[in-house]
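Numbering (the working numbering), first residue to last: 7 to 368. C-beta atoms are modelled at their ideal positions from N, C-alpha and C, and glycine is treated no differently. The block underneath contains the structure these notes are about, expressed in structure tokens.
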Amino acid sequence: MLILIIGILLKALIILAIFSVLIIVHEAGHFFAALRAGVRVERFALGFGKKIFSIKRGKTEYSINIIPLGGYVKLAGENPYERKGGKDEFYSKPVRSRFGVIVAGPIANYLLAFFILVGLYMVGMPTLTSEIGRVLDSSPALSAGLKSGDMITAIDNKQVNYWQEVVQIIRADKEALPLAIQVKRGTETINMQVTPRIIKAENIFKQKHEFVGIGIAPSEKVIMLKTKPFNSFNLAAKHVWFFTAATYKGIWLLVTGAMPIKENVGGPIRIVSVISSAIKYGWYSVLSITATISLALAIFNLLPFPILDGGHILFLGIEKLRGRPLSEKAQEIMTQVALFLLIAFFLYVSYYDVRAVTGFGK
């Protein structure tokens, strides 16, 4: 029982640490950008609530607060009732400077995710081998004689070691022409010919698409694929780009109703559940999920929705076009409406999170 309690507490501490680091990195982005823009930072706090410790350096108070969840940065004059028109206040700065301060938070999360991914690629990414785990019924692979446990070593005289290479070569055969496949079965090397077929399916966005396949699935065996430093940076950049593009595409499909929200959106409860599962597989999985959440946090914050960084950027865009900012009253109303909608959305996804995690109501 004691071991179980310790395990739960350890998981809770790791989850708390992940969220805290992500939020602190985000706020640090705002902090350093504000200093660079000449904006006075009144407070940089780690945690929320009552102060445990604080120290003042220059014009900034640095504090550690009692609730160890994230942190925040307080900029001079960011609240309307505190503005005195000082040159070092946030709203005294030109639009481009304020834009830099606002966007720096999401950029910091992007950079954190990027460098975590670079490190993971250099250490080695777990990659599926080219071993066949399952051969589908009535498939070209079954007809050709492929079996579970076969290790694919070459396709059309191209050597393969990883499942990703197998998929890429097969799907590049757009005309579904016969493929010469070499496999290792035990100590025996076997050559056979397989003719792919066009397969119709749905992608993660519930959109119908076609691809070329032979009806095989990988085994669960993985190896650590290490990457050279330069290639690691390249792969990490591609990972960030494709994740961002796929996420925004998914958001668009959710907004337009092409993809149901309740089945495809996870809130804090589901995120905690995913992190908890990742912890069981060690530090690699924890770092990988941390990078993913950091990317998601950056993407979410850039949405043009009041109370988010993207909403503040939207207000700046309107100010730039109009030559003057929206009235404080208009911004306040839009922010309050956005807050109400965000809370309603949070409660909605949390309900389905509970159902997904506990199985209740299924």
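Check: Would you call Asn-163 buried or exposed, if buried means 16 or more other Cβ atoms sit within 10 Å of its Cβ?
Finding: exposed
Note to self: Can you check which of these residues, Ile-220, Ile-138, Ile-319, is closest to Ala-178 by C-alpha distance?
What the structure shows: Nearest Cα to Ala-178 within the set Ile-220, Ile-138, Ile-319: Ile-220.
Checklist line | Inter-residue spacing [alpha-carbon to alpha-carbon] between Phe-54 and Gly-77 | finding: The alpha-carbon atoms of Phe-54 and Gly-77 are separated by roughly 6 Å.
Notebook entry, point to check: Do you know offhand how far Gly-92's Cα is from Phe-37's?
Noted result: Between Gly-92 and Phe-37, the C-alpha separation is close to 18 Å.
Notebook entry, point to check: Would you say Lys-80 and Glu-48 are within 8 Å of each other, going by their C-beta atoms?
Noted result: Judged by their CB atoms, Lys-80 and Glu-48 are nearer to each other than the 8 Å cut-off.
Notebook entry, point to check: Should Phe-346 be labelled buried (16 or more other beta-carbon atoms within 10 Å of its own) or exposed?
Noted result: exposed
Item checked: Reduced DSSP category for Tyr-354 - H, G, I as helix; E, B as strand; rest coil -> helix
Next item on the list: Going by CA-CA distance only, name the one from Asn-237, Thr-233, Phe-59 that's closest to Thr-133.
Entry: Thr-233
Item checked: Ala-252 classed as buried or exposed, judged by whether at least 16 other C-beta atoms fall within 10 angstroms -> Ala-252 counts as exposed, since fewer than 16 other C-beta atoms from the protein chains shown sit within 10 angstroms of its C-beta.
Notebook entry, point to check: Looking at C-alpha atoms only, which residue of Ser-238, Ile-70, Leu-41, Ala-302 is the closest neighbour of Ser-103?
Noted result: Leu-41
Notebook entry, point to check: With DSSP run on the structure shown, which of helix, strand or coil describes Tyr-68?
Noted result: Tyr-68 falls in the strand class under three-state DSSP.
Check: Going by C-alpha distance, which of Val-27, Trp-247, Val-101 is nearest Ile-319?
Finding: Val-101
Next item on the list: Please determine, among Leu-118, Thr-135, Tyr-287, Tyr-87, the residue with the shortest C-alpha to C-alpha distance to Glu-226.
Entry: Thr-135
Check: By how many angstroms is the C-alpha of Phe-311 removed from the C-alpha of Ala-114?
Finding: 19 Å
Margin query: So, for Pro-235: in the same chain, excluding its five sequence neighbours on each side, which residues have a beta-carbon less than 7 Å away from its beta-carbon?
Written below: Met-128
Margin query: Give me the residue from Ile-222, Trp-247, Met-230, Lys-17 with the minimum Cα distance to Val-172.
Written below: Ile-222
Next item on the list: For Glu-33, count neighbouring Cβ atoms within 10 angstroms of its own Cβ and tell me buried if that reaches 16, exposed if not.
Entry: buried
Check: When the Cα atoms are used, what is the spatial distance from Leu-15 to Val-355?
Finding: Between Leu-15 and Val-355, the C-alpha separation is close to 26 Å.
Notebook entry, point to check: Which class does Phe-311 belong to by DSSP, given the choice of helix, strand or coil?
Noted result: coil
Checklist line | Unbroken beta strand (DSSP E) run spanning Gly-55, endpoints | finding: DSSP places Gly-55 inside the beta strand (DSSP E), whose first and last residues are 47-63.
Check: Cβ of Ile-72 within 8 Å of Cβ of Ile-61?
Finding: no
Margin query: Can you find the residues in the same chain that come closer than 6 Å, C-beta to C-beta, to Leu-22, ignoring five residues on each side of it along the sequence?
Written below: Result list for Leu-22: empty, nothing under 6 Å.
Notebook entry, point to check: Quick one: what's got a C-beta closer than 7 Å to Val-280's C-beta in the same chain, skipping five residues either side?
Noted result: Ile-295
Next item on the list: May I ask you to list the residues that DSSP assigns as paired with Glu-216?
Entry: According to DSSP, Glu-216 bridges with Lys-206.
Next item on the list: Grab the span of the alpha helix (DSSP H) containing Lys-244 for me, first residue to last.
Entry: 235-261
Notebook entry, point to check: At what residues does the beta strand (DSSP E) containing Asn-197 begin and finish?
Noted result: Unbroken beta strand (DSSP E) run through Asn-197: 194-200.
Next item on the list: Please report how far the alpha carbon of Gly-106 lies from the alpha carbon of Tyr-168, in whole angstroms.
Entry: 43 Å
Note to self: For a cutoff of 8 Å on Cβ pairs, would you count Lys-335 as touching chain D?
What the structure shows: The displayed structure is made up of one protein chain only, and chain D is not part of it.
Next item on the list: State the beta-bridge partners of Glu-137 as determined by DSSP.
Entry: Met-157
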